[in-house]
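So the sequences go chain by chain: A and B.
Our numbering runs 12 ahead of the 1-based position in the first sequence.
Our numbering runs 21 ahead of the 1-based position in the second sequence.
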Amino acid sequence: MVDRRQFLFTGLALAAAPAVAHHGWSSFDQDKPLYLAGTVKSVRWQNPHAEIVLTVAQGLSLPSDLLQRPVPAQSQRVDGSALLKKAALPANAAGDWEIEFAPLSRMEAWGLKEPLKPGDRIELVGFALADSAKKVLRVEYMFAGGRAYAFRSSPA
Amino acid sequence: MIDWSLIEAWPLAEVVRRSVWAYPVLESVHIAAFAALVGSLLLLELRVFGVQRALPLPAFARLAVRTALAAFVLAGASGSLLFISAATELAANPAFRIKLVLILMAGVNALVFHARDSVRRQDRLARWQAGASLLIWLAVIAAGRMIAYV
């Protein structure tokens, strides 16, 4: 069905594609929460979930107040403070990250009716892919514009 | 090779992506449709295997096949709308490609089944094809579910 040339093309297309595949949430390493901060580079505000590219600068460090941040109540019980306590920096933080958010309905439920914009500065806590070195992060918490958002479930 | 990004740029594809509810509604239609499709085929296949012989097979087969065909049209329509919303990514997705090949196999299997009038013959090949049909459709479901995991 798939000839060699087509296979090669697909490989090249995949390598060059700006967006990665939509991942089931089980693909992410949920034992290792990671902290990222950076500038929104591009936005794909779409279903099945919103995606952005986040540019993370060199020299990222964990903010000293991370543990004191209030995590918003959500319908699914998540031990937010334990997550924040465990949050670490990724080994290779600097560069462009593919960030996967929630479906648009849940983004709206959190009050994000307007998409994030390129240039927005945001902080994230989330999970990277379990079996890949690709810079992909599934967002658990976002801190932006003085507000905290939790994307595992809807606001409680 | 087809430039899938052109299809992805269609206004209709944009609507499926950007609308808050279009995507989940289409997913629901897709699931309901393939439940009806596989469900009606499962009953037909059980009957071909000799379960509930009291049911007249020709009439039962007409009911099951027409239900399955209508469901297939609905699953195909909803699936196509979901496909165009992420055409580039899906066209390159191995699980999606396998799923399309499997649907093609199921179609050929069904054509052969009916072309040789298996409903009237009720022979060994008819039963083999019924079994194959069920396995292929279960594999279609599995491949469809795997799209998000590969």
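All C-beta atoms, glycine included, are put in the ideal place defined by N, C-alpha and C.
Span of the beta strand (DSSP E) around A:V55: By one-based count along the first sequence, residue 55 of chain A stands at place 43. Note, A:V55: beta strand (DSSP E), 46-56.
One or two residues paired with A:I134 in a DSSP bridge: The sequence position of residue 134 of chain A within the first sequence is 122, counting from 1. Answer is A:G50.
Inter-residue Cα distance where the pair is A:A25 and B:A112: Locating residue 25 of chain A in the first sequence gives position 13, counting from the first residue. Locating residue 112 of chain B in the second sequence gives position 91, counting from the first residue. The predicted model places A:A25 with a pLDDT of 39, which falls under 50 and marks its position as unreliable; any figure quoted below should be read in that light. Roughly 11 Å between the two C-alpha positions.
Residue nearest to B:G60 in terms of C-alpha spacing, selected from B:T88, B:V46, B:G71: What you label residue 60 of chain B is simply residue 39 of the second sequence in a count that begins at 1. Of the candidates B:T88, B:V46, B:G71, the one whose C-alpha sits nearest the C-alpha of B:G60 is B:T88.
Exposed unless 16 or more other CB atoms sit within 10 angstroms - verdict on B:M22: Position 1 of the second sequence holds residue 22 of chain B. Label assigned to B:M22: exposed.
Whole-angstrom C-beta distance between A:F139 and A:P75, which should lie under 8 Å: Taking the first sequence and counting its residues from 1, one reaches residue 75 of chain A at position 63. Taking the first sequence and counting its residues from 1, one reaches residue 139 of chain A at position 127. 19 Å between Cβ atoms; not a contact.
Unbroken alpha helix (DSSP H) run spanning B:E29, endpoints: Looking up residue 29 of chain B in the second sequence gives position 8. First-last of the alpha helix (DSSP H) with B:E29: 25-29.
Distance between B:A34 and A:I134 (C-alpha atoms, nearest Å): Stepping through the first sequence from its first residue, residue 134 of chain A is reached at position 122. Stepping through the second sequence from its first residue, residue 34 of chain B is reached at position 13. So the alpha carbons of these two residues sit roughly 29 Å apart.
Contact list for B:W42 against chain A, beta-carbon separation under 8 Å: As a first step, residue 42 of chain B must be located in the second sequence, where it is residue number 21. S117, listed in chain order.
Per-residue DSSP class, three states only, for B:W42: Locating residue 42 of chain B in the second sequence gives position 21, where the first residue counts as 1. Looking at B:W42 - three-state DSSP - the assignment turns out to be coil, as it is neither helix nor strand.
Straight-line Cα distance separating B:F93 from B:V133: Taking the first residue of the second sequence as position 1, residue 133 of chain B is located at position 112. Taking the first residue of the second sequence as position 1, residue 93 of chain B is located at position 72. In a straight line, the C-alpha of B:V133 is about 18 Å away from that of B:F93.
A:V90, DSSP secondary structure in three states: Your numbering for residue 90 of chain A matches position 78 in the first sequence. Residue state, collapsed to three classes: coil.
Separation of A:Q80 from B:W158, as counted between CA atoms: By one-based count along the second sequence, residue 158 of chain B stands at place 137. By one-based count along the first sequence, residue 80 of chain A stands at place 68. Taking the straight line joining both Cα atoms gives about 52 Å.
CB contact below 9 Å: B:R137 versus chain A: Counting from 1 along the second sequence, the entry for residue 137 of chain B is found at position 116. False, the Cβ-Cβ gap to chain A never drops below 9 Å.
Presumed contact (8 Å Cβ cut-off) between A:I196 and A:V83, rounded CB distance: There is no way to answer for residue 196 of chain A, as the model of chain A reaches only from 13 to 168.
Closest Cα partner of B:A30 within the set B:Q150, B:S106, B:K120: Counting from one through the second sequence, the residue named residue 30 of chain B turns up at place 9. Nearest C-alpha to B:A30: B:S106.
At least 3 beta-carbon pairs within less than 8 Å: the segment 143-151 of chain A vs the segment 67-86 of chain B: no
Cα-Cα separation between B:A136 and B:R142, rounded to whole angstroms: The residue given as residue 136 of chain B occupies position 115 in the second sequence. The residue given as residue 142 of chain B occupies position 121 in the second sequence. If you take the alpha carbons of B:A136 and B:R142, they lie about 11 Å apart.
8 Å contact criterion, which A:S87 and A:S165 should meet: CB distance rounded: Residue numbering aside, residue 87 of chain A sits at position 75 when the first sequence is read from its first letter. Residue numbering aside, residue 165 of chain A sits at position 153 when the first sequence is read from its first letter. Confirmed, about 4 Å.
Distance CB(B:K120)-CB(B:A169) smaller than 9 Å: Taking the first residue of the second sequence as position 1, residue 120 of chain B is located at position 99. Taking the first residue of the second sequence as position 1, residue 169 of chain B is located at position 148. Result no, Cβ atoms of B:K120 and B:A169 do not sit closer than 9 Å.
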